[in-house]
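In what follows, a structure is listed as structure tokens, so that the remarks can point back to it.
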Amino acid sequence: MRRRRLIAAAFVLPALLLLGALVVYPVLFSVGRSFFDAGGTRFVGGENYAEMFRDPATLKAVRNSAIWVVVAPTLLTGLGLILAVLVEKVRWATAFKLLLFMPMAVSFLAAGIIFRLAYEEDPDKGVLNAAVVGMHDAVKGSSSYPAARARDGQGLTKAPDGSYSASDTVSPGGRTLTLGLVGVPPKELPAGAVPAQPAASHTAGPGELLGVVYLDFTPGGGGKQGAVDPGESGLPEMTVEAVRDGRPVATATTASDGSFRFPDLAAGAYTVRLPAQNFAPPYEGVSWLGPALVTPAIIGAYLWIWTGFAMVLIGAGLSSLPRDTLEAARMDGANEWQVFRRITVPLLAPILTVVFVTLVINVMKVFDLVYIIAPGPVQEDATVLATQMWLVSFGGGNNQGLGSALGVLLLLLVIPAMVFNVRRFRRSQS
């Protein structure tokens with residue numbers, strides 16, 4: 129018996145030495161270091177632990193970690209369960225599982241870079257905002273002339289709301305208005321724009337109000353400001369309003385040469401206005417990495433990586449369920465929703481618990497995604513305990529006493545979940 133114990137100890141000794149050097153010693157050293165000051169020379173007792181809960185950045189990290197622990201494992205377990213059930217009914221189930229599990233092969237560093245680019249606010253760079261801007265413009269449209277403006281003293285006055293109104297009133301059947309704008313690069317004119325026609329070429333009939341909106345810029349130079357010169361382009365697709373007594377009574381849209389027409393107007397004086405919607409800046413999308421959305425955005429990247437893990441693990445448990453029980457329930461008249469809610473989920477409860485607790489342990493240690501995806505200005509808004517520990521210790525804080533205290537706090541939060549998982553595993557084996 130003694131010989132067997134010596135042989136067993138000889139085999140276990142290398143693993144124990146590695147475990148002691150890589151796990152036990154760092155833990156004990158961090159616990160001891162947490163009772164010393166930033167330089168590690170003066171014993172401060174529990175001061176670092178007290179400072180930890182006085183620091184607003186640390187409190188925000190605790191809050192964000194709590195959000196991660198509640199939201200990410202819950203969503204992942206739910207998504208994994210739904211996908212595992214649905215995949216069973218798909219012909220190409222193995223290929224679908226492989227496709228969803230592939231992100232697990234991507235490192236957190238690479239995934240962080242991928243999602244940092246995907247969340248870019250510039251629609252020309254960020255794929256999510258490109259999609260959002262495309263859908264927005266398809267539904268609401270976008271302004272064709274965000275940079276257009278009127279020359280000072282050339283017949284247009286800008287209102288506080290961004291619209292432009294003609295300085296003089298005009299009556300139906302009278303002169304043709306010429307409304308010149310600048311600030312539109314010729315290459316950015318809408319497709320189909322043609323040279324504007326001079327006012328003399330338009331004749332207003334009774335009850336008609338005519339005008340032209342044009343680009344008051346002659347390519348190559350020359351021309352007269354405030355007049356339609358040869359070669360100057362009309363500004364098509366611009367909304368024009370006829371305003372009387374402070375409210376619009378008619379609306380028109382400029383043609384390809386910039387001309388517009390209001391027919392059948394009652395006699396009287398009207399002000400022609402170019403509404404602010406013509407000059408609205410383009411919709412830029414959602415600020416995914418702003419202070420309000422940075423944490424949900426990073427959780428979204430985490431879901432992309434770990435959904436396959438939850439689905440495969442729950443799918444393995446689903447494949448081991450007693451099929452006779454499920455078929456008996458269907459034969460008794462239960463529909464698919466009742467079978468899922470009253471039989472499948474209760475039978476999968478042990479697997480769901482293991483997946484949930486495993487993900488809780490994992491999200492408490494999340495570091496890479498938060499550090500890479502969150503830009504510098506919002507790093508503090510997205511910080512969690514792991515990133516805060518690194519920032520305090522090595523990222524500029526240079527206070528390894530406080531960083532060690534944060535590490536101990538993180539260890540204390542993880543241990544209960546680990547113990548629960550180990551007990552659950554032993555109980556399932558027994």
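Start counting the sequence shown at 129; every next residue gets the next number (the working numbering). Backbone N, C-alpha and C fix where the C-beta goes; we use that ideal spot for every residue, glycine too.
Which residues does DSSP list as the beta-bridge partners of residue i?
{"i": "residue 308", "result": "342"}
{"i": "residue 381", "result": "367"}
{"i": "residue 400", "result": "370"}
{"i": "residue 389", "result": "338"}
{"i": "residue 375", "result": "372"}
{"i": "residue 361", "result": "323"}
{"i": "residue 553", "result": "None; residue 553 has no bridge partner."}
{"i": "residue 171", "result": "164"}
Just the Cα atoms here: how many angstroms apart are residue i and residue j?
{"i": "residue 236", "j": "residue 494", "result": "9 Å"}
{"i": "residue 396", "j": "residue 300", "result": "7 Å"}
{"i": "residue 338", "j": "residue 258", "result": "39 Å"}
{"i": "residue 215", "j": "residue 147", "result": "40 Å"}
{"i": "residue 248", "j": "residue 417", "result": "8 Å"}
{"i": "residue 385", "j": "residue 409", "result": "23 Å"}
{"i": "residue 292", "j": "residue 350", "result": "25 Å"}
{"i": "residue 411", "j": "residue 264", "result": "8 Å"}
{"i": "residue 401", "j": "residue 377", "result": "11 Å"}
{"i": "residue 145", "j": "residue 554", "result": "25 Å"}
{"i": "residue 162", "j": "residue 153", "result": "14 Å"}
{"i": "residue 281", "j": "residue 266", "result": "37 Å"}
{"i": "residue 507", "j": "residue 405", "result": "36 Å"}
{"i": "residue 492", "j": "residue 414", "result": "28 Å"}
{"i": "residue 341", "j": "residue 381", "result": "10 Å"}
{"i": "residue 129", "j": "residue 143", "result": "22 Å"}
{"i": "residue 135", "j": "residue 149", "result": "22 Å"}
{"i": "residue 174", "j": "residue 464", "result": "57 Å"}
{"i": "residue 389", "j": "residue 403", "result": "16 Å"}
{"i": "residue 474", "j": "residue 466", "result": "12 Å"}
Out of the options, which one is the CA nearest neighbour of residue i?
{"i": "residue 313", "options": "533, 553, 540 and 360", "result": "360"}
{"i": "residue 367", "options": "383, 355 and 353", "result": "383"}
{"i": "residue 285", "options": "334, 308 and 267", "result": "308"}
{"i": "residue 516", "options": "503, 505 and 499", "result": "499"}
{"i": "residue 166", "options": "538, 554 and 527", "result": "527"}
{"i": "residue 356", "options": "336, 349 and 325", "result": "325"}
{"i": "residue 231", "options": "140, 218, 545 and 430", "result": "430"}
{"i": "residue 530", "options": "388, 137 and 186", "result": "186"}
{"i": "residue 193", "options": "296, 400, 514 and 377", "result": "514"}
{"i": "residue 181", "options": "150, 346, 322 and 533", "result": "533"}
{"i": "residue 423", "options": "155, 170, 129 and 191", "result": "191"}
{"i": "residue 543", "options": "508, 522, 520 and 486", "result": "486"}
{"i": "residue 509", "options": "133, 195 and 136", "result": "195"}
{"i": "residue 481", "options": "446, 511, 205 and 290", "result": "205"}
{"i": "residue 444", "options": "184, 374, 225 and 541", "result": "225"}
For residue i, does the count of other Cβ atoms within 10 angstroms reach 16, so buried, or fall short, so exposed?
{"i": "residue 435", "result": "buried"}
{"i": "residue 306", "result": "buried"}
{"i": "residue 369", "result": "buried"}
{"i": "residue 589", "result": "With the chain represented from 129 up to 558, any question about residue 589 goes unanswered, as that position is not in the structure."}
{"i": "residue 502", "result": "buried"}
{"i": "residue 433", "result": "buried"}
{"i": "residue 244", "result": "buried"}
{"i": "residue 295", "result": "exposed"}
{"i": "residue 141", "result": "exposed"}
{"i": "residue 345", "result": "buried"}
{"i": "residue 522", "result": "exposed"}
{"i": "residue 239", "result": "buried"}
*Enumerated in chain order, which unbroken segments of the beta strand (DSSP E) with a length of 3 residues or greater are wholly contained in the region 243-328?*
284-286, 292-294 and 305-309
*Which runs of the beta strand (DSSP E) fall wholly inside the region 483-543 and span at least 3 residues, in chain order?*
none
*Can you list, in chain order, the stretches of the beta strand (DSSP E) that have 3 or more residues and sit fully within the region 395-469?*
399-402
*Any alpha helix (DSSP H) of 4 or more consecutive residues that is wholly inside the region 178-218*: 184-215
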